[in-house]
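**Q** Following this note's numbering, the numbering of the sequence shown begins with 4 at its first residue and continues without gaps.
No residue lacks a Cβ here, since even glycine has one placed at the ideal position from N, Cα and C.
Quick caveat, the model's predicted, so the values are computed rather than measured.
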Amino acid sequence: MSSVEKKLILQADKTADKTEDKTKVNLLGYDLEHMKAFFTEMGEKSFRAVQLVKWIHQFGVDDFAQMSNISQVCRAKLEQIAIIKAPEIAMEKKSDDGTIKWLMRLEGGNSIETVFIPEDNRGTLCISSQVGCALDCGFCSTARQGFNRNLSSAEIIAQLWIANHRLNSYVAGSNKPKNGVKRVITNVVLMGMGEPLLNFDNVVAAVHLMLDDNAYGLSKRRVTISTAGVVPALNRLREECDVSLALSLHAPNDKIRDTIVPLNQKYPINELLAACHNYFHGDIKKKQFIIEYVMLAGVNDSEKNARELALLLNTTPCKINLIPFNPFPDSGYESSKMQTIIRFRDILQQSGYVTMIRKTRGEDIDAACGQLAGKVKDKSKRLRNVNEIT
Ligand code: SAH
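#1: Can we count Val210 as close to the ligand SAH, meaning its CB is less than 6 Å from some heavy atom?
#2: Does at least one heavy atom of the ligand SAH sit under 6 Å from the Cβ of Asn238?
#3: For Glu91, does the three-state DSSP call read helix, strand or coil?
#4: Following the continuous beta strand (DSSP E) through Gln61, name the residue where it begins and the one where it ends.
#5: At a threshold of 6 Å, does Phe328 count as lining the ligand SAH (C-beta to nearest heavy atom)?
#6: Only counting the same chain, and skipping five residues up and downstream in sequence, which positions put a Cβ closer than 8 Å to that of Ser247?
#7: For Asp139 and Tyr270, what's the separation of their Cα atoms in angstroms?
#8: Which complete alpha helix (DSSP H) runs does the segment 224-266 hold, if anything under 4 residues is left out?
#9: Can you find the residues in the same chain that come closer than 8 Å, C-beta to C-beta, to Ile345, ignoring five residues on each side of it along the sequence?
#10: Quick check on Pro121: does DSSP put it in helix, strand or coil?
#11: Here's the rule I'm using: 16 or more other beta-carbon atoms within 10 Å means buried, otherwise exposed. How should Gln342 be labelled?
#12: Out of Val191, Glu116 and Cys77, which one is the CA nearest neighbour of Gly126?
#13: Please go through the same chain and pick out, in chain order, the residues whose beta-carbon is closer than 8 Å to the beta-carbon of Lys48, but skip the five residues on each side of it.
#14: Flag this pair as touching only if the segment 237-247 and the segment 301-314 have three or more C-beta atom pairs under 8 Å; answer yes or no.
#15: Distance check for Ala218 and Pro330, CA to CA, integer angstroms please.
#16: Short of 8 Å in beta carbon distance, which residues of its chain neighbour Lys57, apart from the five on each side in sequence? Order them along the chain.
#17: Please list the segments of the alpha helix (DSSP H) lying wholly inside the segment 280-366, counting only runs of 4 or more residues, in order along the chain.
#18: So Ala300 packs on Ile350, CB below 8 Å; how close in whole Å?
#19: Please classify Val64 as buried or exposed, where buried requires at least 16 neighbouring CB atoms within 10 angstroms.
#20: Do Ile120 and Thr102 have their beta-carbon atoms positioned less than 7 Å apart in this structure?
#21: What does the Cβ neighbour count give for Ser5, buried or exposed, with the cut at 16 atoms within 10 Å?
#22: So what's Ile84 in DSSP terms, helix, strand or just coil?
#23: Nearest by alpha-carbon distance to Thr358: which of Ala370, Lys340, Ile323 and Gly365 is it?
#24: Under 6 Å Cβ to Cβ from Glu95, same chain only, skipping five residues before and after it: list those, please.
#25: Within its chain, find whatever has a CB closer than 7 Å to the CB of Ala208; leave out the 5 residues flanking it on each side and keep chain order.
#26: In this structure, does DSSP put Cys136 in helix, strand or coil?
#27: Quick check on this structure: which residue in Phe142, Ile188, Leu154 and Ala370 has the alpha carbon closest to the alpha carbon of Arg260?
#28: Rounded to whole angstroms, what is the Cα-Cα separation between Val76 and Lys27?
#29: According to the neighbour-count rule (16 or more other Cβ atoms, all chains shown, within 10 Å of its Cβ), is Lys258 buried or exposed?
#30: Given this structure, state the Cα-to-Cα distance separating Asn205 from Asn153, to the nearest angstrom.
#31: Could you spell out where the beta strand (DSSP E) holding Thr127 opens and where it closes?
#32: Please state whether the Cβ-Cβ distance between Asp367 and Asp99 is less than 7 Å.
#33: For a test of the three-state rule: what should DSSP assign to Leu35, helix, strand or coil?
#34: If you measure from the CB of Ala231, is any heavy atom of the ligand SAH nearer than 6 Å?
#35: Between Lys181 and the rest of its own chain, which residues show a CB-CB distance below 8 Å, the 5 nearest in sequence each way excluded?
#36: Going straight from the alpha carbon of Val3 to that of Asn151, what length do you get?
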C-alpha cells in the first residue's frame, strides 16, 4: 500500500469517528453564500467564508487546525460548533478499463454510488443526488431500489471531494495556487442515482461549489445536470445555476415515452422541450444541451423512430447520445443490436444532428449507466402516481 493510500485510509477512519457528532453543523455542503451567512451569524467577518471554502474544497482539508490563515480564536470557535464531514468509503472497485466505482456509506445505513470515468483528454465524475430514485423508469436499475431520501448538499459535494482525495489530485494543506494543483476530474455529471431536479436546493448549492473558483472552478460546460424532465424545476434552474443539461428523452413521441419514463404522463414532450428551449434561450454556446436516448430493442429503436426524433427536435442545437441499454436481472428489456444503433445514428446524422453512440464503461464492475444501485433502506417509497411529483 502506498503512503498516499495509507493516508487516505486514515482520512476515512477519521471521518467515521466524527459521525457521532450530530450537534455540529457540517460545513462541507455550504456554498459561498451559505458560508458567508454562517460567519456573519458567528460574528465573524464574511471574508472568512472564502478562506473556508478554499481550505475545504481547493485544498481538501477537513481539519480546522490546518487552516493556518485563520486566527486561533476563530478556529477554536469553529471546532466547537462545526465539522467538515464526508461519508465513509465502503467499497472501491476498479474496472479493467480504468473506471472506478465507489460505494459511499451514509449515516442511517443507506449508501450511494459514484463513478469516475477516465478518458484521453478528460476525467468525468458521475455523482448521485438521491438515495435510490422515485421515478419508475423501467429500464433503470436504480428505479428498482425505490426511493429513500434526498442527499444533503454535503453528501452531494462530498462525492467530488472524496474522489479528488482518492485520485490524489489535490495538494493537502498547501497554499499552492489553484492553477498549480493538478486536477484529474475535469467534468462532473449528475447522472448517478436519483433525479437531481427533485432535490433542487441541495443540488443547486453543490453545483455552486463546483463552479466556484474558490472551490472546484469548473466551467458550466463541464457540469451537467441530467434529468428525466421535471418541468417546473427546469424553469427555475436558469436563475439559480446555469449549467449544461442532459435530457433523458429516450422516445420520439408521448406514446412510447409514457411507458418507459412514467414522469412523461405529467410533463409531456412538448412542454418539456419548450422548457429546455427556454433554459437555453440565447446562450447555447456557453452550455451544452445533450439528448440522452437509451436504445431498447423493439421499443424505441426503429428507423421510423429515428426520423420521428429528428423531426421532433426541429433542428434544436444539441448533441444526441445513443446509449446501448445496460442489462440488469429481470429488467424485461434488451439492448438494440449494434447495427440497429448504427443505422439510428446515421439517420440522425444525415438530419444534421451531432450523434454519438456512448461507449459503455465499467460494465465489469456494474458502473455503467443505469446500473448504479447503492443500498437503499426501506424501498417502499417508490412513486405510485406521477401526480405525487410537485
Ligand atoms: N434521473 C436522471 C439521472 C439518472 S439516469 C435522468 O433520468 O436523467 C442517468 C442516465 O442513464 C439517464 O439518461 C438514464 O435514462 C440512463 N439509464 C438509466 N438506466 C439505463 C440502462 N439500464 N442502460 C442505459 N442507460 C440507462
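**A** Based on what the coordinates show:
#1: no
#2: no
#3: strand
#4: Taken as a continuous stretch (DSSP letters only), Gln61 belongs to no beta strand (DSSP E), as it is neither H nor E.
#5: Yes.
#6: Lys223, Arg224, Arg225, Val226, Thr227, Ile228, Lys290, Gln291, Phe292 and Ile293
#7: Asp139 and Tyr270 have their alpha carbons spaced roughly 15 Å apart.
#8: Complete alpha helix (DSSP H) runs here, min 4: 234-243 and 257-263.
#9: Ile360
#10: strand
#11: With fewer than 16 other CB atoms across the displayed protein chains lying within 10 angstroms of its CB, Gln342 is exposed.
#12: With distances taken between Cα atoms, Gly126 lies closest to Val191.
#13: Hits under 8 Å: Phe42.
#14: no
#15: 37 Å
#16: Asn217 and Ala218
#17: 306-316 and 341-353
#18: No, Ala300 and Ile350 are not in contact; Cβ-Cβ is about 17 Å, not under 8 Å.
#19: buried
#20: yes
#21: Any reading at Ser5 needs caution, since the residue's pLDDT is 36, under 50, leaving its predicted position unreliable; the model's value is listed next. Under this definition Ser5 is an exposed residue.
#22: helix
#23: Ile323
#24: Trp105
#25: Spatial neighbours of Ala208 in its own chain (CB-CB distance under 7 Å, excluding positions within 5 residues in sequence) are listed in chain order as Gly32, Asp34, His37 and Ser156.
#26: coil
#27: Phe142
#28: 18 Å
#29: Exposed, by the Cβ-count rule.
#30: 8 Å
#31: Gly126 to Cys129
#32: Result yes, Cβ atoms of Asp367 and Asp99 sit closer than 7 Å.
#33: helix
#34: yes
#35: Residue confidence is low: Lys181 scores 49 on pLDDT, short of 50, so the model does not pin down where it sits. Its coordinate-derived value is still stated next. Cβ within range, chain order: Gln61, Asp216 and Gly220.
#36: The chain is shown only over 4 to 393; residue 3 falls outside these bounds and no answer can be derived.
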